[in-house]
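For the sequence shown, counting from 1, position 69 maps to 68 in numbering that gives the first Met the number 0; every step adds exactly one.
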Amino acid sequence: MKDSRSESPNAKRAKTDELDILSPHVMASEAKLRNVYESATPYPHGRIENMFDGKFLENVLQEIKQNSKVKFKESDLFRVYQSIDLGNLSDEAAKELPCLTKLKDALYSPKYRAFVERIACLPPNTLTGQVDCAANCHAPGCHLLCHDDVIGTRKVSYILYLTEEGWKKEEGGALEIYNYDEHNGQRIPQPIPCKTFLPIFNSMAYFAVQPGTSFHSVQEVYGERPRLSIQGWYHAQELPEGMENATLNRLKSTDKGEDTDGAFCSFVDDNDESMSDEILSKKDHDFLAKYINETYLSKESIRNIRERFEEDSSVQLRKFLKQEWIDKFDKSIKEADESLGGGQPALDYKIGTTGGWKIVGP
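Here you go:
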């Protein structure tokens, strides 16, 4: 009797061919990759060079450039251009992006997921088939500040780099890995990364996603070339332990959905005498008028600013400082940059720590 699980030769060939774009040395290096990942500090991580067929990956890059639209995204944490969400790729879009679609299918195929489980020291069937990845572009000035990547069931994070050949340290855009210190029962990332990885074309960096531990960032891109990559995650069935220590959960109140740690407390009492009609004393007004555009110092302006802030939780004040002070600050900053880093972006993390200044966070 024929086994119902048996497959036709064509089906078997299709599954075998899913990973024909992968460089042969990758699977052959499984034991080495596992050992490096398992022994890495401050948390498990690894890197694979020349991961895919170079010509194939060049085709992927051209498809992204020619058939995708970028969407600028910015927050307090990041500044990036996202082009394609591969987890929600339509059939029509997939036809226009055959190489990119094949790359996505390979990365999330059962065979490759099983390989990731083995090199990441995970039990079989830990990772699900959930596709969670996107094509990202960090243009000059873009960055991603320090965080632990913990959202939902993320288990392993990866970045496949599509940057141009010959990327140099001076161009920035490195993946930065941070160690941490214990403070009041919480792990706090140290101010200077302990390891950095350049975004070299056809290399993949990957690491374990661990609440309050897997601290990392993307260094600002200093050069003129964009840092292109496929950024994604492999998901587990369940949430990781220690979710309360995750970066995201420490930035908001999980029970009320607030963007603060704890309940809101009014800054002043409604009956506080400091909120009387005399918003600024003459002494305060005269002092501030030396530096601030007087337009913002009138009672009407202050009330308007307060109302806008209460309504929108933010307010933008243009030409806030007087021009003479802007010129002084601009001159002073440029002179400091010249003396510390020759007017170029500082790749030395300790630049500026002299004269009583010290680094307190990444």
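Ideal Cβ placement from N, Cα and C applies to all residues, glycine included.
- Inter-segment contact for the segment 28-47 and the segment 76-83 is absent: fewer than three beta-carbon pairs are separated by less than 8 Å.
- Around the C-beta of Glu175, 16 or more other C-beta atoms lie within 10 Å, and the residue is accordingly described as buried.
- Along the length of the segment 106-162, whole beta strand (DSSP E) runs at least 3 residues long occupy 131-137, 142-146, 153-160, reported in chain order.
- The count of Cβ pairs closer than 8 Å, one atom from the segment 164-173 and one from the segment 91-111, stays below three, leaving the stretches out of contact.
- Straight across, the Cα-Cα distance linking Ile278 with Lys298 is about 6 Å.
- Per DSSP, reduced to three states, the secondary structure at Pro23 is helical.
- For Asp311, the enclosing alpha helix (DSSP H) stretches over residues 298-311.
- When the beta-carbon positions are compared, Ser82 and Lys68 come within less than 9 Å of each other.
- The segment 185-204 makes no contact with the segment 115-123, as fewer than three CB pairs between them are under 8 Å.
- Separation of Asn135 and Thr152 (C-alpha to C-alpha, rounded to the nearest whole angstrom) is 21 Å.
- Per DSSP, reduced to three states, the secondary structure at Ala173 is coil, with no helix or strand assignment.
- Distances from the alpha-carbon of Val359 to those of Asp180, Val220, Gln315 put Asp180 closest.
- Residue range 29-38 is occupied by the alpha helix (DSSP H) that includes Arg33.
- Per DSSP, the continuous alpha helix (DSSP H) segment holding Leu60 begins and ends at 53-66.
- Contact between the segment 101-114 and the segment 180-197 is not established, with fewer than three Cβ pairs separated by less than 8 Å.
- Short of 8 Å from the beta carbon of Pro190, and not among the five residues preceding or following it, lie these beta carbons of its own chain, in chain order: Tyr348, Ile358, Val359, Gly360, Pro361.
- The three-state reading of DSSP puts Ser89 in coil, since its state is none of H, G, I, E or B.
- For Val220, the pairing in a beta bridge is given by DSSP as Gly171.
- Residue state for Pro97 is assigned as helix, using DSSP reduced to three classes.
- Per DSSP, Asp285 is one residue of the alpha helix (DSSP H) stretching across 281-287.
- In terms of Cβ geometry, Leu227 and His137 form a close pair [threshold 9 Å].
- For Tyr205, the three-state secondary structure derived from DSSP is strand.
- Here Gly231 is near Asp131, since their CB atoms are less than 9 Å apart.
- Rounded to the nearest whole angstrom, the C-alpha separation of Phe214 and Ile301 is 41 Å.
- Counting along the chain, the unbroken beta strand (DSSP E) around Phe77 starts and ends at 77-84.
- Beta-bridge analysis with DSSP links Arg46 to Ala204.
- Under the DSSP assignment, Trp166 falls outside any beta strand (DSSP E); it carries neither an H nor an E label.
- Residues Leu126, Thr127, Gln129, Asp131, Gly151, Thr152, Arg153, Lys154 of the same chain have their beta carbon placed closer than 8 Å to that of His234, with the five preceding and five following residues left out of the count.
- Counting only the Cα atoms, Gln185 lies some 13 Å from Asp147.
- Cα atoms of Ser38 and Asn248: separation of roughly 28 Å, rounded to the nearest angstrom.
- It is roughly 42 Å from the alpha-carbon of Gln65 to the alpha-carbon of Phe308.
- The closest CA to that of Pro188, considering only Ser156, Thr246, Pro139, Glu223, is found on Thr246.
- Secondary structure of Ala235 (DSSP, three-state): strand.
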